[in-house]
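Residue numbers (this note's numbering): 95 to 312.
A virtual CB, placed ideally from N, CA and C, is assigned to each residue, including glycine.
First the structure, in the form of structure tokens, and then the observations on it.
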Amino acid sequence: MNSKGNIGRSHRNPLVGRTSELEMLRQLLFVPQRGAKARLQRNASAIPLDTLRKPQCMVLIGEAGIGKTRLAEETSREAQQRGWAVAWSRSYAQESTIPYRLWIEILRSLISNDPWQKQELHKHPLLLARLAALLPELYMLLPDDESPIRQSSEQEQQSLWEAILELFKLSIERTPLLVVLDDLQWADSSSCELLAYLVRRLSNFPIVFLGTCREIEL
């Protein structure tokens with residue numbers, strides 16, 4: 095994935111103060127590993143990581159306008175400078191009833207911004223078929239003989255979650271990843287449940303989830 099993709103808003107105010115908060119967020123990205131250094135499965139020598147391979151998740155909570163998004167933007171900039179890939183998504187009140195709306199943009203960026211990723215997905219037609227439930231454009235990449243597997247609604251959800259998990263694992267084989275989820279107070283319940291699943295299952299991987307949420311909506 096391109097680590098130089100768009101982050102947050104197009105117009106940003108200068109970050110004034112917030113030194114302690116920003117330093118705390120930096121520690122999310124650059125915690126020394128206890129024991130052996132973290133190594134990625136591919137191209138590890140090209141990435142100078144001392145990252146603790148442990149699930150990292152933080153949510154910035156506060157009133158509207160106090161600078162939560164601005165802190166997330168600055169953290170994203172720092173991550174990019176350190177060689178991390180950054181995937182960003184924002185929830186909107188008008189879309190709060192659309193299942194997995196928060197993740198669609200994230201998943202699309204993981205695939206579309208990295209040609210290597212598309213090549214890898216071609217090797218996994220079943221994974222493509224499951225992800226196509228959220229990203230219809232992937233249907234054109236499926237082999238002609240790949241037909242949908244009939245499942246119960248519960249099985250379909252589990253298969254989708256597992257496919258998304260595998261996509262994240264593919265994405266972080268070559269570079270660590272910061273996932274920013276802005277305005278979580280408007281995220282649909284399916285998106286929140288998927289976030290909890292990913293944080294739990296992506297233990298021992300170089301990935302950080304950073305969210306922002308209005309305090310009154312928690």
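For residue i, three-class secondary structure by DSSP
i    : result
S284 : helix
F303 : strand
A227 : coil
Cβ neighbours of residue i in the same chain (closer than 7 Å, five flanking residues each side left out)
i    : result
P237 : P219
K162 : L154, G156 and T306
L278 : V153, S185, G305, T306 and C307
R295 : L259
E199 : S183
Neighbour flag for residue i against chain B, beta carbons, 8 Å
i    : result
A166 : Protein chains in the displayed structure number just one, and chain B is not present.
Rounded C-alpha distance that separates residue i from residue j
i    : j    : result
P193 : S284 : 6 Å
A290 : A227 : 20 Å
Q121 : Q251 : 34 Å
W255 : L116 : 32 Å
Q213 : P230 : 18 Å
K217 : R308 : 41 Å
E248 : L288 : 14 Å
Q188 : F299 : 34 Å
T169 : L196 : 20 Å
A205 : T191 : The sequence shown places Ile at residue 205, not Ala. Spanning the two alpha carbons is a distance of roughly 25 Å.
L165 : L235 : 38 Å
A179 : L292 : 17 Å
I301 : A173 : 11 Å
Counterpart residues of residue i in DSSP-defined beta bridges
i    : result
S183 : L275
G156 : R308
Q213 : DSSP lists no partner for Q213.
Q150 : V302
Same chain only: Cβ atoms within 6 Å of residue i, ignoring 5 sequence neighbours per side
i    : result
L225 : L232 and A257
D276 : T163, R184 and T306
V273 : A181 and F303
K281 : Here residue 281 turns out to be Ala, not Lys, going by the sequence shown. Taken in chain order, the residues that qualify are S185 and L196.
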